[in-house]
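A quick write-up on the structure given underneath.
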Amino acid sequence: MAIDKPLIVVIDDDFTKDQPLYGFLETGYPAENIHLFQNSSDGEKFIEQNLSQKIIVLLDIMFNGQEVGVDIFNEITKKSALVCFIVMTGNIEQISREGLKNLINGHAWYIVQRDKPAKEILAIIKEAENHINLRVDGALEQWIFRHTIEEQNKPFITTRSGSSYTLLDILESLRTGENDEIGQQIAGDILALAVDLLMQDQTKIGE
6 MAIDKPLIVV IDDDFTKDQP LYGFLETGYP AENIHLFQNS SDGEKFIEQN LSQKIIVLLD
66 IMFNGQEVGV DIFNEITKKS ALVCFIVMTG NIEQISREGL KNLINGHAWY IVQRDKPAKE
126 ILAIIKEAEN HINLRVDGAL EQWIFRHTIE EQNKPFITTR SGSSYTLLDI LESLRTGEND
186 EIGQQIAGDI LALAVDLLMQ DQTKIGE
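Here the sequence shown is numbered in this note's numbering, starting from 6 and rising by one per residue.
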């Protein structure tokens, strides 16, 4: 598996390797990074088992007339806000108002008509990949997973108030906003530092 490329996970009961989009996916991503699931539960389980990887999900909403895709979206975003979802639908009007609200509030990256040309969908996937690569919280997550399990469980930072957090605490915070949002605070501090360094050395930007 190419670790510098995200996993592309397609959860769609009608999607097959014979479709044009799959051919376009193969031009942009290694075959071992592309995973197709017609069974929604299998796709959800695969994502949960690979949360340490960068993941872009192409998710169908309707399975046998039910909004199963919305349920999957809700469950995964509870576990991690760092998975990037591209929602595919034959007709956006088929999605209930509540389902659409969940997708929007959960920051689905894009909602796309499934009959959109495959080349255009691939371009959307590439935009999502760029978005993932530029996210400070995503980079911080990858950095945490480069540490051993023992290192991840050791106290890593202590706040002025005396609260201690392990790398896993920080990871949980990045994904869910829990643990006093310490993960978001660190990501924000990193971004602020980067901006400050750039402002101090503007003459070298773009050289």
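From the three backbone atoms N, C-alpha and C, an ideal C-beta is built for every residue, glycine too.
query	result
With H, G and I counted as helix, E and B as strand and the rest as coil, what does DSSP make of Leu196?	The predicted position of Leu196 is uncertain, since its pLDDT is 49 and thus under 50; a value taken from the coordinates is nonetheless stated next. If DSSP states are grouped into helix, strand and coil, Leu196 belongs with the helices.
In whole angstroms, what separates the C-alpha of Ile52 from that of Gly74?	13 Å
What is the DSSP secondary structure of Gly33, counted as helix, strand or coil?	helix
Between the segment 110-120 and the segment 80-91, do at least 3 Cβ pairs fall closer than 8 Å?	yes
What residue from Ile77, Leu26, Glu146 and Leu127 has the CA that sits closest to Asp47's CA?	Ile77
Could you tell me if Lys59 is buried or exposed, where buried requires 16 or more neighbouring beta carbons within 10 angstroms of its beta carbon?	buried
What is the rounded straight-line gap between the Cα of Gly167 and the Cα of Thr82?	30 Å
CA-CA distance, Ile126 and Asp23?	16 Å
Is Pro160 helix, strand or coil when you go by DSSP?	strand
Would you say Leu25 and Ala123 are within 8 Å of each other, going by their C-beta atoms?	Looking at the sequence shown, residue 25 is not Leu but Pro. Yes; because the gap between Cβ atoms is below 8 Å, this pair is in contact.
Select from Glu132, Arg102 and Met93 the residue whose C-alpha is nearest the C-alpha of Arg119.	Met93
With a CB to CB cut of under 8 Å and the five nearest residues on each side skipped, what residues in its chain are close to Pro160?	Ser169, Tyr170 and Thr171
By how many angstroms is the C-alpha of His152 removed from the C-alpha of Leu64?	31 Å
With the cut-off set at 8 Å, would you say Gln190 and Leu173 are in Cβ contact?	no
Is the beta carbon of Asn69 closer than 8 Å to that of Trp107?	The amino acid at residue 107 is misidentified as Trp; the sequence shows Asn. It is not a contact, given that the beta carbons lie outside the stated cut-off.
For Asp65, does the three-state DSSP call read helix, strand or coil?	strand
To which residues of the same chain is Asn96 closer than 6 Å at the C-beta, ignoring the five residues directly before and after it?	none
If you draw a straight line from the C-alpha of Ile175 to the C-alpha of Asn135, how long is it?	24 Å
Between Gly143 and Leu12, what straight-line distance do the alpha-carbon atoms span, to the nearest angstrom?	14 Å
Assign His152 to one of three DSSP states: helix, strand, or coil.	coil
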